[in-house]
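In the UniProt record's numbering, the protein residues as written are 1 to 316.
Okay, structure first, notes after.
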Ligand code: TRP
C-alpha cells in the first residue's frame, strides 16, 4: 500500500509530489538547445533523456514548444517508445529499459500539458503510441512505472476540460485500457485511470458514449464496484473520491441511474466509508456521495429505455 511515489507521477495528484530539483544552472549545465541536439546522438541519448526529464520544470523557458518543434526530437522520443514494444510484449522488460522510456514519456507529458502543443500532439495521434504500455497485465515495478507514466500523459491531456481532446480519446478506445488498469494497477495507477474515466464522462459526449450500450455501462460499473469492494480492506481516500464522482456522473444518464439501483455496491450506502470520508478536509466527496444516493433513490423503477431488460438479467 504505502509504496514510495514513483517517478513522474506528474503533479496530477498533489498527494505524491516529487522533491523539487535544484534549478538547472546555465554556467555548468548544458542548455536545453544543446541537450536537444544531444538527444539525436544515440550514444548520448540515455543520459540526455535523464537530464531533460529531471530538469523539465526548471529550465528558463517552457520546453514543450522546443520539444515539439525542434528537429528530430519527437522522432527520437517515439523511437525510444517503439524500441521496447517487443520486450514489453514478451515480458522481458528490464528496469533500465523501463526507466529510460519513462524519461521519454515524462517529456511527452510536457508536450501534452502545454496549451500550444496539446492539439498538435493529439492530432498527430501520439497517445496511440502509449497504448501498448497500458495493455499489459504484469504487476512488477518495471511495468507499473511504465503504466503509471503513460497514464500521466493521458491524464495531462484530460486535466483541462477540452471537448476535442475527449472526442479524440474516445475514438482511440482509451476507456477499455483505463478499465484494465483500474482492475490490475497499483493504487496510484488506479487513481489516475479513474480520474481519466471521470474526466471523459464529465463531457456530455463521453457520458453518452459510455451509456450507449448495456455492455459498456456494465463494464464500467463492474470495475468501479470491484474497486469499491477492494477499498474496504485497503482504504484510499483519493481513489474513493474519483470512484464516487464517476458514479455520481453516471446518475446523470437516466438509464444508467436506473441500473445503478441494482449494481451500486451496498457498502457505499451503509456508512462503511464514513470514517474514511471524514478524514478528508474537503467536503466535496461527502456531498457527491449524498447526491449520488439521493439521485438513485429518486430514480423511478420500471422505466423503458436501453437497459429495460438489465434488471431482469440481473435478477430483480
Ligand atoms: N470496443 C468496445 C466498445 O466500444 C470497447 C469498450 C469495452 C468500452 N468496454 C467499454 C467502451 C466501456 C466504453 C466503455 O464497446
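All residues carry an ideal CB built from backbone N, CA and C; glycine is no exception.
Neighbourhood of residue 170 by C-beta distance below 6 Å, restricted to the same chain and skipping five residues each side = 209
Would you tell me roughly how many angstroms separate the C-alpha atoms of residue 103 and residue 186, rounded to the nearest one?
-> 20 Å
So residue 56 is in the alpha helix (DSSP H); what residue range does that whole segment cover?
-> Note, residue 56: premise wrong, no alpha helix (DSSP H); not H, not E.
CB of residue 176 to nearest heavy atom of ligand 1: below 8 Å?
-> yes
Option in 178, 106 and 273 with minimal Cα separation from residue 236 = 273
Residues near residue 242 by beta carbon distance below 7 Å, same chain, minus five either side = 191, 194, 195 and 198
Residues near residue 311 in its chain [Cβ-Cβ closer than 7 Å; skip 5 each side] | Residue placement at residue 311 is flagged as unreliable, the pLDDT there being 48, under the threshold of 50; the coordinate-derived value follows with that caveat. Excluding residues within five positions, the ones whose Cβ falls inside 7 Å are 262.
Classify residue 173 as helix, strand or coil using the three-state DSSP reduction.
-> coil
Residue nearest to residue 56 in terms of C-alpha spacing, selected from 105, 72, 82 and 265 | 105
For residue 276 and residue 27, the rounded distance between their alpha carbons = Here residue 27 scores only 40 on pLDDT, less than 50, and its place in the model should not be relied on; the value that follows carries that caveat. About 50 Å.
Output the residue ranges of the alpha helix (DSSP H) runs that lie fully inside the region 178-226 and measure 4 residues or longer, sorted by chain position.
-> 187-202 and 204-211
Could you spell out the range, first to last residue, of the alpha helix (DSSP H) harbouring residue 40?
-> Unbroken run through residue 40: none, as it is neither H nor E.
Below 7 Å CB to CB, which residues in the same chain sit around residue 36 once its five sequence neighbours on both sides are set aside?
-> 66, 70 and 73
Residue 216: CB within 8 Å of a non-hydrogen atom of ligand 3 | Ligands present in the displayed structure are limited to ligand 1, and ligand 3 is not among them.
In the DSSP assignment, find the unbroken alpha helix (DSSP H) run with residue 133 in it and report its ends.
-> 131-134
What did DSSP end up calling residue 295 once you bin it into helix, strand or coil?
-> helix
Is residue 84 helix, strand or coil when you go by DSSP?
-> coil
Return helix, strand or coil for residue 266, following the three-state DSSP convention.
-> helix
Residue 250 to residue 201, Cα distance in whole Å?
-> 8 Å
Which value, in whole angstroms, describes the spacing of the CA atoms of residue 232 and residue 225?
-> 11 Å
At what residues does the alpha helix (DSSP H) containing residue 69 begin and finish?
-> 63-69
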